[in-house]
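FYI, the numbering for the sequence shown is -17 to -1, 1 to 255, going by mature numbering (1 follows the signal peptide of the UniProt record, and there is no 0).
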Amino acid sequence: MKLWPLLLASVASISLAGGVEGPALPRLNLDARTIGRSAEAQTVQGVPRADGPTFFFPTHVRAVMNKPGQRWQPRYDTELPGAYVAVYPVAGLLAQYPERGEPWNVRTQMDTLRALNTGRLGLNEVKWPLTLPFLPLVNANQYGTGAARTFRTPALQGLRYLAVHSQEDGVRINRERVFYTFQGLSHDGRFYVTVQVPYAPASLPTRAELDRTKNYDVAPYPAESRGKGPAYDAYRQKVDAYRADLTRKLNAEEGKADLRALDALVRSIRLR
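Structure, rendered in structure tokens:
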């Protein structure tokens, strides 16, 4: 990966010069001051796709949003920042990931987002195995989502929500694992924009609290059940109740100042 830092400021602006293979990228403007961060804008060179669970992104525009006194630097090609805005060319994503049909494909994420944007699909109609649209792809399930809302800005139309990803089922979630995301498309449909920022609901325990109590599991998994029978049904009922409560807690963040500030960040995004 090759980065060309263009600006380190509270307001980020970036464009890609000519002569680079792939779709032309837009100029990105955003204001990270709404969330108390500065934005470092970069052009990120694409990484060729290879085997493995990693997301191999095409060349794109990215604004890393740093806390005061910090400056994020990648340790390897495909590492992603904790807080960032990425603008991917739709053509570049589909060239990298052309697969069709499966609910976890890049194309399916885009199709689901388009359906939500146009009203052909309602948020309450997004049922497993379909999930709320999310890019970049991750090697984990959507364990919990909440505070989901579609909205339109001068540059984008898409969906924002709070989310938790997990490779494990039946685990308790600490607040540090929750993040805010916006998944949107430019009005001309040429660019897919993803925003990700950590979000820590006070209604969830901290990582330190779970470490202290060791109360990591919602309920012991009945290994002898092999996924069926009364013992498994009782386990499943407890896990489903926990996840429903997690959704209620995430939904309760709607209208809070931190969520409004993140929505303001999204509304500040301009593509030129």
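C-beta: ideal position from N, C-alpha, C; glycine also.
Asked	Found
Is the separation between the beta-carbon of Ala202 and that of Ser208 shorter than 8 Å?	no
According to DSSP, is Ala214 part of a helix, a strand, or is it coil?	helix
For Arg231, which residues in the same chain have their Cβ closer than 8 Å to its Cβ, ignoring the five residues on either side in sequence?	Gly129
Just reading off the alpha helix (DSSP H) that Asn100 is part of, what are its end residues?	89 to 101
Does the stretch 175 to 183 come within contact of the stretch 143 to 163, defined as at least 3 CB pairs closer than 8 Å?	yes
State yes or no: is the beta carbon of Asn88 nearer than 8 Å to at least one beta carbon in chain C?	The structure shown has no chain C; it contains just one protein chain.
Can you tell me whether DSSP reads Val154 as helix, strand or coil?	strand
State the Cα-Cα distance for the pair Ser(-8) and Phe134, rounded to the nearest angstrom.	Low per-residue confidence applies at Ser(-8): pLDDT is 36, beneath 50, and the placement is therefore not dependable, though the value from the model is reported in the following sentence. One C-alpha to the other measures close to 24 Å.
What number of angstroms, rounded off, separates the C-alpha of Leu8 from the C-alpha of His170?	15 Å
Helix, strand or coil for Arg114 per DSSP?	One point to set straight first is that residue 114 is Thr, not Arg, in the sequence displayed. Coil, per DSSP.
In terms of residues, what are the limits of the beta strand (DSSP E) holding Arg45?	43 to 49
Give the DSSP bridge partners of Asp223, in chain order.	DSSP output for Asp223 lists no bridge partner at all.
How would you label residue 259, buried or exposed, when you count the other beta carbons within 10 angstroms and need 16 or more for buried?	Nothing can be reported for residue 259: it is not among the residues displayed for the chain, which extend from -17 to 255.
Are the stretch 61 to 81 and the stretch 40 to 48 touching, with three or more C-beta to C-beta distances below 8 Å?	yes
So Gln166 and His148 are supposed to be a Cβ contact under 8 Å. How far apart are they, rounded?	Not confirmed; about 14 Å, so no contact.
Between the Cα of Leu187 and those of Val154, Thr164, Ala206, spot the shortest distance and give me the residue it belongs to.	Val154
Per DSSP, Gly129 is paired with what?	Leu145
Whose CA, out of Asp223, Gly210, Ala185, Lys211, lies closest to the CA of Asp200?	Asp223
Run through DSSP, which three-state label would Thr37 get?	coil
Quick one, are the C-beta atoms of Leu248 and Leu99 less than 8 Å apart?	no
Would you mind sorting Leu106 into buried or exposed? The rule is 16 or more other CB atoms within 10 Å of its CB.	exposed
Curious, which full-length alpha helix (DSSP H) runs of at least 4 residues does the stretch 153 to 198 contain?	190 to 196
Report yes if the CB atom of Pro118 is closer than 8 Å to the CB atom of Thr37, and no otherwise.	Checking the sequence, you will find Leu at residue 118 rather than Pro. No. Outside cutoff.
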